[in-house]
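Take a look at the structure set out below.
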Amino acid sequence: MRRRPLIAALVVTVVISGAAPSVWADDGADAFVDNDGDPTAVAKDVEVREVPAAGTGEDQCRWRVVIGDDFEFAIYDVDFTRLHSETGRWLEYWCPDQGIVPINGFALVPEGEAVDPSQLAVDALASVGIDGPTFHTSPSENGRLYVGVPTWLWVEQGWWRPYEATARAGRVWSTVRATPVATTWDTGDGDRVDCRGPGTAWRPGMPEGASDCTHTYRRSSATTPQGTFRLQPTVTLEISWTSNAPGAGGSLPPISRTSFRDVEVGEIQAIGTRGA
50 MRRRPLIAAL VVTVVISGAA PSVWADDGAD AFVDNDGDPT AVAKDVEVRE VPAAGTGEDQ
110 CRWRVVIGDD FEFAIYDVDF TRLHSETGRW LEYWCPDQGI VPINGFALVP EGEAVDPSQL
170 AVDALASVGI DGPTFHTSPS ENGRLYVGVP TWLWVEQGWW RPYEATARAG RVWSTVRATP
230 VATTWDTGDG DRVDCRGPGT AWRPGMPEGA SDCTHTYRRS SATTPQGTFR LQPTVTLEIS
290 WTSNAPGAGG SLPPISRTSF RDVEVGEIQA IGTRGA
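Under the working numbering, the first residue of the sequence shown carries the number 50, and numbering increases by one thereafter.
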């Protein structure tokens, strides 16, 4: 049969819209369902073939599968976004006395809903649960930080990891991966520290220069009305996504997460002695 290659070549120019109805066809059964509430039709012929011209009227109309696998034959939206149906099949409504009958203005109708893998990625990203970063300092954030003493800053390693989520529509899925890449620290005294990565966790015996993510306070927080500085890290996460749909995948705009803690910064008092 030569018809399917011809249809596949023409499909590239077909415009599909969300206004098209949702339909389902079942091989050899009357399983057409319209989720938009339009009248139910009978879908008995689901293979692409000529329907006998015997008889007239609506009872001779039927749904036919035009594209059996949209992973193989591409369907494009008006903005050239590649679309998929929930099952991979696209249908046309055919009547003996009219030929192909447009449904809501569209010759091809997705079985189920039309699916945009990139929108699935956006939906998946919206479902990712990422709390604000857990962070630490040295000297300890539970005690005091000190003027003139480099404060080590780092995000907890258990938080600093990739986060994933998947959204599905029928057989199509898209998975997003959010990966933390950088931290900007608002130190509360008017300064900012930009760190590529989570910073280095302090351990006893480590040399002072072992971290490149530090801040040295130059004044005491006692000069502020509340007596503290607000230390606030903001982590940037880059977003990538993949899909089982052919050619789908890429990146989304980065997101960020933040948290804060009010810290007290004091001065180290030196006590001098005078010899007799």
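Built from N, CA and C at the ideal position, the CB exists for glycine as well.
Would you list the one or two residues that DSSP bridges to residue i?
i: P211; result: Paired residue(s): none; P211 is not in a bridge.
i: T233; result: D243, T283
i: V124; result: The identity of residue 124 in the sequence shown is Ile, whereas the question assumes Val. Answer by DSSP bridge pairing, in chain order: L132.
i: C262; result: C262 is not bridged to any residue.
i: S223; result: A216, S292
i: G298; result: T291
i: E141; result: R113
i: T249; result: DSSP, once it has assigned bridges, lists no residue as partnering T249.
Looking only at its chain, what residues have a beta carbon closer than 8 Å to the beta carbon of residue i, apart from the 5 residues adjacent to it on each side?
i: L286; result: I179, Y212, A227, T228, P229, V230, P303, I304, S305, R306
i: L169; result: A216, R217, A218, V221, W222, S223, S292
So, helix, strand or coil for residue i, using DSSP?
i: L157; result: coil
i: D337; result: With the chain covering 50 to 325 only, the question about residue 337 has no answer from this structure.
i: P166; result: helix
i: V115; result: strand
i: T186; result: strand
i: E257; result: helix
i: T291; result: strand
i: S305; result: strand
i: V198; result: coil
i: V150; result: strand
i: V204; result: strand
i: T273; result: coil
Would you say residue i lies against chain D (beta-carbon separation less than 9 Å)?
i: S292; result: In summary, chain D is missing from the structure at hand, where a single protein chain is found.
Using C-beta distances below 7 Å, list every residue in its chain close to residue i, excluding the 5 sequence neighbours before and after it, in chain order.
i: F309; result: R279, L280, Q281
i: T263; result: P199, T200, W201, L202
With distances taken between CB atoms, is the gap from residue i to residue j smaller than 9 Å?
i: V114; j: A294; result: no
i: V171; j: C110; result: no
i: L157; j: E135; result: no
i: T183; j: G207; result: yes
i: A297; j: S167; result: yes
i: V196; j: S289; result: no
i: V284; j: V204; result: yes
i: G181; j: W209; result: no
Give me the Cβ distance between residue i and residue j, rounded to the nearest whole Å; I'm assuming they're in contact under 8 Å.
i: A271; j: S223; result: That pair is no contact at about 52 Å.
i: W251; j: R241; result: With 8 Å as the limit, W251 and R241 do not qualify as a contact, their Cβ atoms being about 21 Å apart.
i: G161; j: G117; result: Their Cβ separation, rounded to whole angstroms, is 14 Å, which puts G161 and G117 out of contact at 8 Å.
i: G276; j: R193; result: With a Cβ gap of about 11 Å, G276 and R193 do not count as contacting.
Among residues of its own chain, excluding the 5 on either side of residue i, which ones have a beta-carbon nearer than 6 Å to its beta-carbon?
i: S22; result: Residue 22 cannot be examined here, being either before or after the span of the chain that is shown, 50 to 325.
i: E38; result: With the chain covering only 50 through 325, there is no way to say anything about residue 38.
i: H133; result: D119, V164, V221, A294
i: S260; result: W201, T249
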